[in-house]
Each structure stands twice: as structure tokens, then as C-alpha cells.
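Inspection log for the structure reproduced underneath, given as C-alpha cells.
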Amino acid sequence: MRDFAAIDVETANHEFTSICSVGLVVVRDGAITERFYSLVRLEPDYYSYYNTLVHGLTDADTCHAPLFCDVWARAEALVGDLPLVAHNASFDQRCIFSALRMYRLDFCHESFLCTLRAARKYFGKQIPNFQLQTVARACGYELINHHNAVADAEACAHIALRVL
Numbered sequence: 001m002r003d004f005a006a007i008d009v010e011t012a013n014h015e016f017t018s019i020c021s022v023g024l025v026v027v028r029d030g031a032i033t034e035r036f037y038s039l040v041r042l043e044p045d046y047y048s049y050y051n052t053l054v055h056g057l058t059d060a061d062t063c064h065a066p067l068f069c070d071v072w073a074r075a076e077a078l079v080g081d082l083p084l085v086a087h088n089a090s091f092d093q094r095c096i097f098s099a100l101r102m103y104r105l106d107f108c109h110e111s112f113l114c115t116l117r118a119a120r121k122y123f124g125k126q127i128p129n130f131q132l133q134t135v136a137r138a139c140g141y142e143l144i145n146h147h148n149a150v151a152d153a154e155a156c157a158h159i160a161l162r163v164l
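Letter 53 of the sequence shown, counting from 1, is numbered 53 in UniProt numbering, and no numbers are missing.
Below you can see the structure in the form of C-alpha cells.
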């Protein structure tokens, strides 16, 4: 696959609608052509201690950020008709669908592919686990800022170029 958009979301708490950041990397003809990152103002508006430990974001970071519906409009304009790709896509897809449903917006993409599933088939037992940073490293990409949404989306893009 040479044309796609890799996406990653981070959440503030256990609610799937609690997207606090979105990262998107557009790949055309096998090369990254665009990167997009935005913080997102929360609804529901609270952070869990655990989630903040994972990504480092707090209400102070997102209280003046745009709402998900506005961030999604910008991201969707970049994606166009490209297929979406995510690592552990079931999580990102569920979060995005939940947030879209909350704003009564439609999801307009036909395919949402998963690099986690593809990596399991591609690597089999050659790597110790299938965490994003492990798979990225196996694909020759060193993930530096794990749990930053755009850094994770870029790692996912590099994985997709190898395994999809």
C-alpha cells in the first residue's frame, strides 16, 4: 500500500469520546506528504491519572483547544478518499466513531486498516511483542516520542509501508 492516511488518537480517560489529541500522517506514493496534529478540548471534560501518565496531557493543555468536530473537519479534508490506517485500529476506530456519533457526524471512509493485525501475520514469532514501538523498530523506524499522536501516526505509517 502506497497511498493512505495513518491516524492515532490519545484519550483523556476511559470514555471512548474523550479524545484529547489527534495525529495524522498522509502518505502518497510511499512518502509522507503531510503531518497534522491537534489537541482536542474534551467532552466529557476530565483526565484520569493513568491516561495522563501515558501521554502527559492535562486539562491545562486542552482547555482552549478546538472541539473534536472541528479537528475532525480539518483531518478529514487532508484524508480525502484515502484509506485510514491505525495500529490497533479497533481502539482508534471506536474512539473516532464514538466522538463522531456524539456530534452527530458521519464517518465517510470505507476502509480502516490495522497495522497490528497485519504485523502479527507479517512477523509471526520473529519479534517479542506487537506494541507500536516494537513493530516500528522491526520495520527500521525508531519511535522517539511514543504516545504523541502524530509521532505514533508516523510510526504507524512506516509500519504500514512494510506490512500492508
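Backbone N, C-alpha and C define an ideal beta-carbon position, used for all residues, glycine too. Bear in mind the structure is a predicted one, so any value in this text is a computation, not a measurement.
Separation of residue j from residue i, as counted between CA atoms
i: V26; j: R35; result: 6 angstroms
i: A118; j: V163; result: 6 angstroms
i: L67; j: A86; result: 22 angstroms
i: A60; j: A99; result: 21 angstroms
i: C108; j: H158; result: 24 angstroms
i: E76; j: C139; result: 27 angstroms
i: G124; j: L82; result: 28 angstroms
Test item: CB-CB of residue i and residue j under 7 angstroms
i: G84; j: F130; result: Note that residue 84 is Leu in the sequence shown, not Gly. Contact flag unset, no.
i: M102; j: T17; result: yes
i: V22; j: S38; result: yes
i: L24; j: A155; result: no
Contact set for residue i: own chain, Cβ-Cβ below 7 angstroms, skip 5 residues either direction
i: E15; result: P44
i: G30; result: R2 and L161
i: N145; result: A151
Residues of its chain near residue i, where Cβ-Cβ distance is below 6 angstroms and the 5 sequence neighbours each way are ignored
i: R41; result: T62, A65 and L67
i: E10; result: C20, S21, H55 and A149
i: A12; result: S18, C20, L42, Y47 and N51
i: Q133; result: L143 and H146
i: N88; result: L116
Closest Cα partner of residue i within the set the options
i: E110; options: Q93, F123 and R137; result: Q93
i: G80; options: A6, C156, A136 and H147; result: A6
i: S90; options: D70, T115, L78 and W72; result: T115
Residues near residue i in its chain [Cβ-Cβ closer than 8 angstroms; skip 5 each side]
i: T58; result: Y47 and T52
i: R137; result: L143
Range covered by the beta strand (DSSP E) that runs through residue i
i: C69; result: Counting along the chain, C69 falls outside any beta strand (DSSP E), though it belongs to the alpha helix (DSSP H) covering F68 to V79.
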